[in-house]
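Since the structure comes first, as structure tokens, the remarks are kept for the end.
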Amino acid sequence: PRIESLAVLPLTNLSSDPAQEFFADGMTEALIADLAQIGALRVISRTSAMQYKGARKPLPEIARALNVDAIVEGAVLRSGDRVRITAQLIEGVSDRHLWARSYERDVGDILALQGEVARAIAEEIRIQLTPQERARLAGTRAVDPRAYEAYLRGRFCWNKRTVPEMRRSIEYFNQAIEADPGYALAYAGLADTYNLLGDFHAIAPVEAAPRARAAAARALELDPMLGEAYTSLAFGHTFHDWDWPAAERAFRQSLALSPGYPTGHQWFAEFLASQGRFDEAVVEARRARELDPLSPVIGTTLAEVYYYAGRFDQAIAELRTNRELEPGFVSAAADLARACTEGGLHDEAIELFHEAARLTGADPRYSTGLARAYAMAGRREEAARILAELERRGGTGYVSAFAVATVHATLGNVGPALEWLERGYREHDSALVWLKVHPRLEAVRTDPRYLDLLRRMRLDG
48 PRIESLAVLP LTNLSSDPAQ EFFADGMTEA LIADLAQIGA LRVISRTSAM QYKGARKPLP
108 EIARALNVDA IVEGAVLRSG DRVRITAQLI EGVSDRHLWA RSYERDVGDI LALQGEVARA
168 IAEEIRIQLT PQERARLAGT RAVDPRAYEA YLRGRFCWNK RTVPEMRRSI EYFNQAIEAD
228 PGYALAYAGL ADTYNLLGDF HAIAPVEAAP RARAAAARAL ELDPMLGEAY TSLAFGHTFH
288 DWDWPAAERA FRQSLALSPG YPTGHQWFAE FLASQGRFDE AVVEARRARE LDPLSPVIGT
348 TLAEVYYYAG RFDQAIAELR TNRELEPGFV SAAADLARAC TEGGLHDEAI ELFHEAARLT
408 GADPRYSTGL ARAYAMAGRR EEAARILAEL ERRGGTGYVS AFAVATVHAT LGNVGPALEW
468 LERGYREHDS ALVWLKVHPR LEAVRTDPRY LDLLRRMRLD G
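The opening position of the sequence shown corresponds to residue 48 in our numbering, with each subsequent residue numbered one higher.
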């Protein structure tokens with residue numbers, strides 16, 4: 048049968064030790080990552096595949112839900128320093144077994160083993176590999192087993208996308224690097240973590256950016272063909288360096304090497320939206336969702352593009368659909384709240400901002416989105432109280448200057464809004480990437496000081 052898309056279901060942990068569950072999950076992710084390097088094959092990403100961990104659903108039903116031609120399932124058994132993988136390929140529509148094979152290696156040869164499994168699957172489904180793809184799958188080096196285990200634990204934490212878990216992932220990635228200083232993937236994981244901690248404002252951007260940049264650069268020194276590291280580098284060029292040409296080059300290099308990497312398409316869509324290139328951004332956001340259809344993180348990207356494009360009704364519709372995937376996902380609630388604010392649904396927006404605060408344990412007095420929703424609803428005194436709290440906090444600690452500026456702009460305080468934007472420029476606030484397109488800045492768009500800042504950030508093209 049013609050197979051152009053597939054999903055790798057979570058490999059079963061055959062070890063009697065439940066603590067080895069992370070190892071089976073890590074092997075699943077690694078196999079997905081290897082297959083995702085094949086340009087002619089659409090491979091469902093880890094987040095969506097993991098939704099079926101332990102599920103007892105018929106494979107044809109899973110194939111229909113993920114819109115794939117075939118399913119790969121299997122098991123992994125780790126015993127001491129030996130690892131055995133059993134994999135089988137199953138046609139999605141008919142549930143017919145097409146191929147099955149077992150492999151066994153030392154843990155130190157695990158990367159080569161993963162590449163061998165990926166090549167065997169590609170050959171079985173008659174996918175034509177390019178010379179570059181074939182070399183990439185075959186050109187793996189040995190890795191210290193301790194480093195590999197620490198890396199898997201690090202990615203396990205990073206994938207939870209919470210600040211405490213990402214801080215834990217730094218410890219594991221550093222352990223991997225200490226055990227094997229030549230392990231490029233560990234540096235890429237470290238770069239991704241610092242990128243997101245800076246973006247979440249858990250670490251000041253001026254501290255997070257150089258650490259992320261150095262880790263990504265080191266990963267590429269060790270492995271110039273590592274697409275994930277180019278994505279990490281591109282994120283830094285976008286949100287930390289504001290170097291738009293370098294960011295686009297790195298994104299395109301990343302996607303040339305790893306065309307099936309959904310995070311690469313997701314972050315590229317965000318970059319394109321920040322430049323006002325909305326049609327291109329929509330294409331990338333949709334591609335990310337095709338690769339990871341059940342991920343709430345990826346699912347908000349298309350809505351984010353619509354939001355910055357001023358297509359608020361479409362953003363609201365997307366986010367309501369996405370909320371059905373995971374009702375407790377905080378970003379979906381917050382993003383829906385801000386889209387409702389711009390769409391004129393002020394009461395719903397206020398309720399959703401309070402819900403997002405409850406989900407995170409955050410203090411709603413520090414919510415710039417809630418302040419804007421209050422202001423747009425005519426409740427200016429409540430908006431002003433939040434603004435005063437933010438400014439007080441900004442006097443003793445770190446707050447996003449860009450976020451404070453947007454509240455001032457909403458209240459019509461043009462002068463203070465521009466002063467806070469200048470502060471954000473000095474502090475290198477990563478949110479300034481949205482300066483050109485953010486709907487909350489309508490009040491300052493024609494001011495010469497705003498236009499000058501736009502020029503200095505090279506966003507006036």
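Ideal Cβ placement from N, Cα and C applies to all residues, glycine included.
- Collapsing the DSSP output to three states places residue 195 in a helix.
- Annotated as proximal: residue 136 and residue 145, with beta-carbon spacing under 8 Å.
- A distance below 7 Å between beta-carbons, with the five flanking residues on each side excluded, links residue 352 to the following residues of its chain, in chain order: 316, 320, 325, 328, 329, 332.
- If you look at residue 130, you'll find it isn't in any alpha helix (DSSP H); it sits in the beta strand (DSSP E) that goes 129-138.
- Rounded to the nearest whole angstrom, the C-alpha separation of residue 60 and residue 121 is 9 Å.
- Judged by DSSP in its simplified three-state form, residue 368 adopts helix.
- Residue 443 sits exposed, since fewer than 16 C-beta atoms from the chains shown fall within 10 Å of its C-beta.
- By the neighbour-count criterion, in which a residue is buried when 16 or more other Cβ atoms sit within 10 angstroms of its Cβ, residue 347 is buried.
- Between residue 263 and residue 238, the gap from beta carbon to beta carbon is short of 8 Å.
- About 7 Å separates the Cβ atoms of residue 427 and residue 458, confirming a contact at the 8 Å cut-off.
- Using a Cβ distance threshold of 8 Å, residue 155 and residue 190 count as a contacting pair.
- In the three-state DSSP reduction, residue 460 falls in the coil class, being neither helix nor strand.
- Separation of residue 202 and residue 461 (C-alpha to C-alpha, rounded to the nearest whole angstrom) is 44 Å.
- Our two residues, residue 438 and residue 466, have alpha carbons roughly 12 Å apart in a direct line.
- Taken atom to atom, the span from the alpha-carbon of residue 354 to that of residue 362 is near 6 Å.
- Of the candidates 175, 404, 454, the residue whose Cα lies closest to the Cα of residue 430 is 454.
- Boundaries of the beta strand (DSSP E) harbouring residue 121: 117-126, taken from the DSSP string.
- Bridge partners of residue 146 according to DSSP: 136.
- In this model, residue 421 and residue 208 are separated by some 29 Å (Cα to Cα).
- For residue 151, the three-state secondary structure derived from DSSP is strand.
- Per the DSSP secondary-structure output, residue 53 pairs in a beta bridge with 90, 117.
- Annotation: residue 247 is outside any alpha helix (DSSP H) and is labelled neither H nor E by DSSP.
- Going by DSSP, residue 162 is part of the alpha helix (DSSP H) stretching over 157-171.
- For residue 206, the secondary structure class from DSSP, reduced to helix, strand or coil, is coil.
- By the neighbour-count criterion, in which 16 or more other beta carbons inside 10 Å mark a residue as buried, residue 323 falls on the exposed side.
- In this structure residue 369 is not in contact with residue 381, their Cβ atoms being roughly 12 Å apart against a cut-off of 8 Å.
- One Cα belongs to residue 449, the other to residue 471, and the distance between them is close to 6 Å.
- Following the DSSP letters along the chain, one finds residue 497 inside the alpha helix (DSSP H) bounded by residues 495-503.
- Distance from the Cα of residue 464 is smallest, within the candidate group 477, 500, 440, 268, for 500.
- Beta-bridge partners of residue 285 (DSSP): none assigned.
- Residues of the same chain with a CB within less than 8 Å of the CB of residue 102, apart from the 5 flanking positions on each side, are 109 in chain order.
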